[in-house]
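Sequential numbering from 108 applies to the sequence shown in our numbering. Data block below; observations after.
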Amino acid sequence: MNLVGNLFGSSIGRKILMAVTGVILIGFVIGHLVGNLQVFEHPDKLNGYAHFLQSLGPALWIARIGLLVAVIIHIWAATVLTLESRKARGPQPGGVTWLRATLASRYMRWTGYVVLAFIVYHLAHFTLGVVQADTFKETEALRHYKMTTDYHVLGFTAVHAGTEVLDVHSMVILGFQPPLVALFYIVAVGLLSLHLLHGMDSLFQTLGWRNARWSRGLRALVTLACAAYFLGNLAIPAAVLAGKLTPKPRVAAVAQP
Ligand code: HEM
108 MNLVGNLFGS
118 SIGRKILMAV
128 TGVILIGFVI
138 GHLVGNLQVF
148 EHPDKLNGYA
158 HFLQSLGPAL
168 WIARIGLLVA
178 VIIHIWAATV
188 LTLESRKARG
198 PQPGGVTWLR
208 ATLASRYMRW
218 TGYVVLAFIV
228 YHLAHFTLGV
238 VQADTFKETE
248 ALRHYKMTTD
258 YHVLGFTAVH
268 AGTEVLDVHS
278 MVILGFQPPL
288 VALFYIVAVG
298 LLSLHLLHGM
308 DSLFQTLGWR
318 NARWSRGLRA
328 LVTLACAAYF
338 LGNLAIPAAV
348 LAGKLTPKPR
358 VAAVAQP
């Protein structure tokens with residue numbers, strides 16, 4: 108069998124695929140969080156960053172398609188591996204096969220479902236603007252934010268002062284003003300953080316790093332990283348709910364007459 112056949116056609120191959128796609132997705136969520144935390148700085152930062160990403164054109168689409176493929180492979184491999192391990196355990200008395208599944212694997216499945224539902228909602232919310240459409244689509248001021256400073260990427264000016272860009276900064280804040288939406292995000296990123304915690308554990312198992320010498324230190328490191336990830340994500344909706352982050356007055360006035 109060739110490499111692709113081995114990866115997709117064997118249990119260990121599928122575990123490797125889960126690990127590799129998991130690492131790609133972890134890279135994305137960390138990068139996304141670092142980008143989003145610019146919401147605590149001057150609006151030029153998040154707005155310049157979002158405009159720069161949009162201006163990447165085909166490169167952005169390649170990254171989006173890459174992420175989608177990673178998500179699909181990750182879910183496919185997880186499903187096949189779960190079915191295989193159920194089959195290997197054989198039928199259980201009373202047909203309650205799931206009782207034997209480890210807590211972690213059931214946990215991973217359900218946290219995975221919620222994360223998937225969250226991503227669909229999130230895309231409809233901020234990328235497509237169809238949730239809260241009355242606020243986002245009807246607020247003309249959101250589409251005409253004028254950059255007051257240059258936005259730099261790796262020392263180059265990626266967006267010039269004076270450019271009119273989408274006001275993603277106000278959009279994120281308006282997006283979290285309904286308390287139920289903010290709470291849904293908080294619960295979803297909480298479950299995503301738990302998913303990452305168990306996922307990284309399995310990753311280290313696949314890599315063979317969970318031996319007696321390393322396992323404690325790794326576990327502590329991963330727990331710390333997942334807690335920091337959760338707190339970083341929590342900070343944004345929580346700051347909006349607490350009134351610490353508010354949209355620019357012009358946008359706020361139009362969005363909530
Ligand atoms: C407080 C947490 C978050 C905030 C404030 C946030 C904010 C945003 C915003 C503003 C966009 C749209 C960017 C634009 O169209 O210019 C976006 C897109 C996106 N977000 Fe988030 N996000 C958060 C958490 C997450 C999480 C946890 C995930 C993954 C599980 C995620 C996945 C995505 C994806 C896949 C996109 C689409 C990217 C694209 O259009 O290319 N986000 N997010």
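Even glycine gets a Cβ: it sits at the ideal position worked out from N, Cα and C.
- Within the same chain, V222 come within 6 Å of L299 by CB-CB distance, once the 5 residues on both sides are set aside.
- Within the same chain, Cβ atoms closer than 6 Å to the Cβ of F283 are found at A289, P344, V347, the five residues on either side in sequence being excluded.
- Per DSSP, the unbroken alpha helix (DSSP H) holding H158 starts and ends at 150-161.
- When rounded, the separation of the alpha-carbon atoms in S277 and M215 is 34 Å.
- Rounded to the nearest whole angstrom, the CA to CA distance from T330 to G219 is 18 Å.
- Pairing G306 with Q312, the inter-Cα distance amounts to about 10 Å.
- The closest heavy atom of the ligand HEM lies less than 8 Å from the beta carbon of M278.
- For P356, the CB stays at least 8 Å from every heavy atom of the ligand HEM.
- Residue range 286-314 is occupied by the alpha helix (DSSP H) that includes T313.
- Within a 10 Å sphere around the beta-carbon of N340 sit 16 or more other beta-carbons, which makes this residue buried.
- Distance from F159 to Y258 at the Cβ level is roughly 6 Å; contact confirmed, criterion being Cβ atoms closer than 8 Å.
- Between the alpha carbons of A332 and I133 lies a distance of about 11 Å.
- The straight-line gap separating the alpha-carbon atoms of D151 and Y292 is approximately 24 Å.
- Looking at the DSSP output, H259 shares a beta bridge with T264.
- For K194, the secondary structure class from DSSP, reduced to helix, strand or coil, is helix.
- Cβ contact annotation for N143 (same chain, cutoff 7 Å, sequence separation greater than five): I343, in chain order.
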